[in-house]
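Step one of this worksheet: look at the structure below.
In this note's numbering, the protein residues as written are 734 to 1010.
Right under this line is the structure:
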């Protein structure tokens, strides 16, 4: 009886803690949604009103009328899509080599790749900026896409997942006349969809939210991305929080949609990628 009571108490405590932490995580999002439907004067009231009264949509209208938001949205889609596609191609090719092909120094080279994950990204900004400038790529999509097309994280994620796939599948395919590229495309890629889903979410989210690098390599307004668009409602002294929250909510929509459609594969991919080869 005592053991049962203790288990029930522990279960109740865990549930309460989970609800509390869940609310702490979701509260900023709820506040952002609520603020996006408020008038500016209503936002600054001392008592927080989670349900706006009156509920206004003027903030969302301003997002599309006060700035070229559609153009910024298209730019973000091109950049995030290009970075994601680039990392899929380079990630699969490198991960397949490290996981399925034996060659001299393979593990040492892979450790060098992993070591690059320890280098802060800000350290590489200056040399990357100089290279982009020397190549004459400023104010182009290539300037925002090329530096992020290869990352050790994508290679690490896919390589670990590939270790869970038996090598006998490769050998059987080779006996049937398949080459390495055919094995990768027809066998490995379909079997690594969970890891691919996890990688796409991480890469797309990071590319979509990237603020500093597009700010450095673009001076032309037509090449700006969504994170830079949020500065339209900010100044050095104040900010218009209603339109700002509305713009932030619209900017977050693609990431939420991608995650909702791929969340099951994402969880499976993160779990299976922990398999040690």
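Ideal Cβ positions, reconstructed from N, Cα and C, are used throughout, including at glycine. Given the structure is predicted, the values throughout are model-derived calculations rather than measurements.
Among 896, 838, 978, 739, nearest to residue 761 - alpha-carbon criterion: Within the chain shown, residue 761 is the residue found at index 28, counting from 1. Shortest Cα-Cα distance from residue 761 to any of 896, 838, 978, 739 involves 978.
When 860, 933, 893, 919 are compared against residue 993, the one with the closest alpha-carbon: Position 260 of the chain shown holds residue 993. Measuring from the Cα of residue 993, the nearest candidate turns out to be 933.
Collapsed DSSP secondary structure at residue 967 in the structure displayed: In the chain shown, counting from the first residue as 1, residue 967 sits at position 234. Note: residue 967 maps to strand in three-state DSSP.
Between the CA atoms of residue 776 and residue 975 - distance to the nearest angstrom: Taking the first residue of the chain shown as 1, we reach residue 975 at position 242. Taking the first residue of the chain shown as 1, we reach residue 776 at position 43. Linking residue 975 to residue 776 through their CA atoms gives a straight-line distance of about 8 Å.
Beta bridge counterpart(s) of residue 813 as assigned by DSSP: Counting from 1 along the chain shown, the entry for residue 813 is found at position 80. Under DSSP, residue 813 forms no beta bridge with any residue.
Residue 741 versus residue 747: straight-line alpha-carbon distance, rounded: Here residue 741 corresponds to residue number 8 of the chain shown, with the count starting at 1. Here residue 747 corresponds to residue number 14 of the chain shown, with the count starting at 1. Rounded to whole angstroms, the separation of the alpha carbons of residue 747 and residue 741 is 10 Å.
Alpha helix (DSSP H) segment containing residue 778, residue limits: Against the chain shown, residue 778 aligns to sequence position 45. Premise fails: residue 778 is in no alpha helix (DSSP H) and is neither H nor E.
Assigned exposure category for residue 794 - 16 Cβ within 10 Å defines buried: Along the chain shown, one-based indexing puts residue 794 at 61. Residue 794 is exposed by the Cβ-count criterion.
Spatially closest choice to residue 833 from 814, 947, 903, by CA coordinates: The residue labelled residue 833 in the question sits at position 100 within the chain shown. In terms of CA proximity to residue 833, 903 leads the group 814, 947, 903.
Beta-carbon separation (whole angstroms), residue 788 vs residue 770, contact threshold 8 Å: Against the chain shown, residue 788 aligns to sequence position 55. Against the chain shown, residue 770 aligns to sequence position 37. Beta-carbon to beta-carbon, residue 788 and residue 770 are separated by about 5 Å, close enough to satisfy the 8 Å threshold.
Residue 972 - DSSP class collapsed to helix/strand/coil: Here the question's residue 972 lines up with position 239 in the chain shown. DSSP places residue 972 in strand when its eight states are reduced to three.
Inter-residue Cα distance where the pair is residue 843 and residue 831: Indexing the chain shown from 1 puts residue 843 at position 110. Indexing the chain shown from 1 puts residue 831 at position 98. So the alpha carbons of these two residues sit roughly 7 Å apart.
Rounded C-alpha distance that separates residue 940 from residue 858: Indexing the chain shown from 1 puts residue 940 at position 207. Indexing the chain shown from 1 puts residue 858 at position 125. Spanning the alpha carbons of residue 940 and residue 858 requires a straight line of approximately 15 Å.
Residue 824 beta carbon less than 8 Å from that of residue 891: On the chain shown, residue 891 is found 158 positions in, with the first residue counted as 1. On the chain shown, residue 824 is found 91 positions in, with the first residue counted as 1. Yes, these two residues count as a Cβ contact at 8 Å.
Alpha helix (DSSP H) segments (min. 4 residues) lying fully within the segment 781-841: Counting only runs of at least 4 residues, the segment 781-841 fully encloses the following alpha helix (DSSP H) elements, listed from N- to C-terminal order: 791-798, 802-833.
Local Cβ density within 10 Å of residue 952, reported as buried at 16 or more and exposed below that: Translated into the one-based positions of the chain shown, residue 952 becomes position 219. So residue 952 ends up on the exposed side.
Same chain, Cβ closer than 7 Å to residue 743, neighbours up to 5 away in sequence not counted: The sequence position of residue 743 within the chain shown is 10, counting from 1. For residue 743, where only same-chain residues beyond five positions count, there are no Cβ hits under 7 Å.
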